[in-house]
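Novice: Dropping the structure in here first, questions after.
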Amino acid sequence: MLSTGRLLFPLLVIVVSVHSQTFSTGDNSSIADCSHGCSHKDESRFCLDGNAHFYERLLMGHLRYYIATQVSIDLWHKHHKEGVRRNASELHEDVREGLGLQWTGEKDIVTEKIIDTLADIVTERTEEINLRNRTHAPPTHCPIPCEYTHDLYKIVLGLSIALNVILATGLVIVFTRSAERNNRRLLATDDH
């Protein structure tokens, strides 16, 4: 029983250490160029430029998928409503309403004018794509959620703990049987 305690204590220390490291670095620690530690007071713009590049990639990728989804919605209308697509004003209103629902009402960064401009841009580009008489929508890909790596970490940790418990149990059994055999041999040699 003492050897099991000696095995479990270091395992517990490692688990606590790994958990605290995950907590301090966060789920997004593997995302390139993005950092919460940037400040306008830094000596170099390196960190801020990295954040800007990260958000540029993110914005362009999501904008592409958003427009592709609007094209898919138009194709859905065309397919299910006997060839009738949304007209530009319906499309603009749908986009404006959707973006408006996500808007929290802040006035210092994102304003209603920005939402209107985005709705204009998305509507214009969707209409341009629809003029090509597409029969299929551009592909879209949903991002992997942040929990993905966390869930994978939990599964691997669980498997590792289970295998270590099986190994420790097996070792305890082997050593116990070996000790019993040695005791029997010692008793047998003492009897003779």
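Numbering (mature numbering (1 follows the signal peptide of the UniProt record, and there is no 0)), first residue to last: -20 to -1, 1 to 172. Backbone N, C-alpha and C define an ideal beta-carbon position, used for all residues, glycine too.
1. For L132 and L139, what's the separation of their Cα atoms in angstroms?
2. If you check the beta carbons only, do R76 and D54 fall under 8 Å apart?
3. Closest to D100 by CA distance: which of K58, V152, H72 is it?
4. Short check: CB of C18 to CB of L28, under 8 Å?
5. On the criterion of 16 or more Cβ atoms from any shown chain inside 10 Å, does V102 qualify as buried, or is it exposed?
6. For the alpha helix (DSSP H) containing E108, list its first residue and its last residue.
7. Which same chain residues, not among the five before or five after H116, have their C-beta less than 8 Å away from its C-beta?
8. How many Å lie between L151 and N144 at the Cα?
9. When you measure from the CB of V75 to every non-hydrogen atom of the ligand GDP, does any distance come out below 7 Å?
10. Just how far apart, CA to CA, sit L39 and G85?
11. Check whether the Cβ atoms of Y45 and T120 sit closer than 8 Å, and answer yes or no.
12. I47: buried (16+ other C-beta within 10 angstroms of its C-beta) or exposed?
13. Within a Cβ cutoff of 8 Å, which residues of the same chain sit near L79, ignoring the five residues on either side of it in sequence?
14. Using the rule of at least 16 other Cβ atoms within 10 Å of the residue's Cβ for burial, across every protein chain shown, is Q50 buried or exposed?
15. Locate the alpha helix (DSSP H) running through E77, then write down its first and last residues.
Specialist: The answer reads as follows:
1. The sequence position of residue 132 within the sequence shown is 152, counting from 1. The sequence position of residue 139 within the sequence shown is 159, counting from 1. Roughly 11 Å between the two C-alpha positions.
2. Numbered from 1 along the sequence shown, position 96 holds the residue referred to as residue 76. Numbered from 1 along the sequence shown, position 74 holds the residue referred to as residue 54. No; because the gap between Cβ atoms is not below 8 Å, this pair is not in contact.
3. Locating residue 100 in the sequence shown gives position 120, where the first residue counts as 1. Ranking the options by Cα distance to D100, first place goes to H72.
4. Start at 1 with the first residue of the sequence shown, and residue 18 comes out as number 38. Start at 1 with the first residue of the sequence shown, and residue 28 comes out as number 48. Cβ distance < 8 Å, so C18 and L28 count as in contact.
5. As a position in the sequence shown, residue 102 is number 122, starting the count at 1. Classification of V102: buried, given that the 10 Å Cβ count is 16 or more.
6. Locating residue 108 in the sequence shown gives position 128, counting from the first residue. Counting along the chain, the alpha helix (DSSP H) containing E108 begins and ends at 92 to 110.
7. For the purposes of this step, residue 116 is taken as the residue at position 136 of the sequence shown. In chain order, L55 place their CB closer than 8 Å to the CB of H116, counting only its own chain and leaving out the 5 sequence neighbours on each side.
8. Position 171 of the sequence shown, counted from the start, is the residue given in the question as residue 151. Position 164 of the sequence shown, counted from the start, is the residue given in the question as residue 144. Distance between the alpha carbons of L151 and N144: 10 Å.
9. Ligands displayed in this structure: none; no statement on the ligand GDP is therefore possible.
10. Position 59 of the sequence shown, counting from 1, holds the residue named residue 39. Position 105 of the sequence shown, counting from 1, holds the residue named residue 85. Their backbone Cα atoms lie some 20 Å apart in a straight line.
11. Along the sequence shown, one-based indexing puts residue 45 at 65. Along the sequence shown, one-based indexing puts residue 120 at 140. The answer is yes: Cβ separation under 8 Å.
12. Position 67 of the sequence shown, counted from the start, is the residue given in the question as residue 47. So I47 counts as buried.
13. For this step, residue 79 is matched to residue 99 along the sequence shown. Excluding sequence neighbours, L79 sits near I95, L98, A99.
14. In the sequence shown, residue 50 corresponds to position 70, counting from 1. Buried.
15. Translated into the one-based positions of the sequence shown, residue 77 becomes position 97. Residue range 68 to 82 is occupied by the alpha helix (DSSP H) that includes E77.
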